[in-house]
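Trainee:
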Amino acid sequence: MAKAFSRNDRVSEQIRRELADLLMFEVKDPRVQMVTLTDVEVAGDMAHAKVFYTAAKNTKGLQEGLEKAAGFLRSQLGKRMMLRTMPQLHFVYDESIDRGMHMDKLINQAVSEPAVPEPAAPDTPAQE
Numbered sequence: 368m369a370k371a372f373s374r375n376d377r378v379s380e381q382i383r384r385e386l387a388d389l390l391m392f393e394v395k396d397p398r399v400q401m402v403t404l405t406d407v408e409v410a411g412d413m414a415h416a417k418v419f420y421t422a423a424k425n426t427k428g429l430q431e432g433l434e435k436a437a438g439f440l441r442s443q444l445g446k447r448m449m450l451r452t453m454p455q456l457h458f459v460y461d462e463s464i465d466r467g468m469h470m471d472k473l474i475n476q477a478v479s480e481p482a483v484p485e486p487a488a489p490d491t492p493a494q495e
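Just so we're aligned, residue 368 is where the sequence shown starts under my numbering, counting upward by one.
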């Protein structure tokens, strides 16, 4: 019987949990204090991991802070997790939440505008 989740899925979730803990309690860089990790995708060979994040305000300093802390985070992950090789971390800003908020704003705007009645079509006799 196949397992419910593949090994990559389990490793990705564990990396996300450990990184969130490390970013909250271990990293002292003020640029990365208010970051939320949304997802982690680990490559099939476990050599690379894309870490998707979002923040209340996305600044260039945030990306730089995460890239600077990547080595420290990778070494701490190596100590916390039992993997033969720890994937390299690549941080990618997750725009899906921003897009969702923009779409929600557009929908609310469209709903709040009064409906314009369509002009009635003139009655034309049916042609035989």
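Just so you know, even glycine gets a beta-carbon here, dropped at the ideal spot from N, CA and C.
Between ILE382 and PRO481, what straight-line distance do the alpha-carbon atoms span, to the nearest angstrom?
Mentor: Translated into positions along the sequence shown, residue 382 becomes position 15. Translated into positions along the sequence shown, residue 481 becomes position 114. Distance between the alpha carbons of ILE382 and PRO481: 49 Å.
Trainee: Name the one or two DSSP bridge partners that LEU433 has.
Mentor: Counted from its first residue, the sequence shown places residue 433 at position 66. According to DSSP, LEU433 bridges with nothing at all.
Trainee: Please list, in chain order, all residues of the same chain as SER396 whose beta carbon is under 8 Å from its beta carbon, the five residues on each side excluded.
Mentor: On the sequence shown, position 29 is the one that residue 396 refers to. Per the sequence shown, residue 396 should be read as Asp rather than Ser. Contacts found: GLY432, LYS435, ALA436.
Trainee: Could you tell me the distance, in whole angstroms, from the CA atom of LYS417 to the CA atom of PRO486?
Mentor: Walking along the sequence shown from the start, residue 417 turns up at place 50. Walking along the sequence shown from the start, residue 486 turns up at place 119. Spanning the two alpha carbons is a distance of roughly 53 Å.
Trainee: Is the beta carbon of MET401 closer than 7 Å to that of ALA414?
Mentor: Working through the sequence shown from its first residue, we reach residue 414 at position 47. Working through the sequence shown from its first residue, we reach residue 401 at position 34. Going by C-beta atoms, ALA414 is not nearer than 7 Å to MET401.
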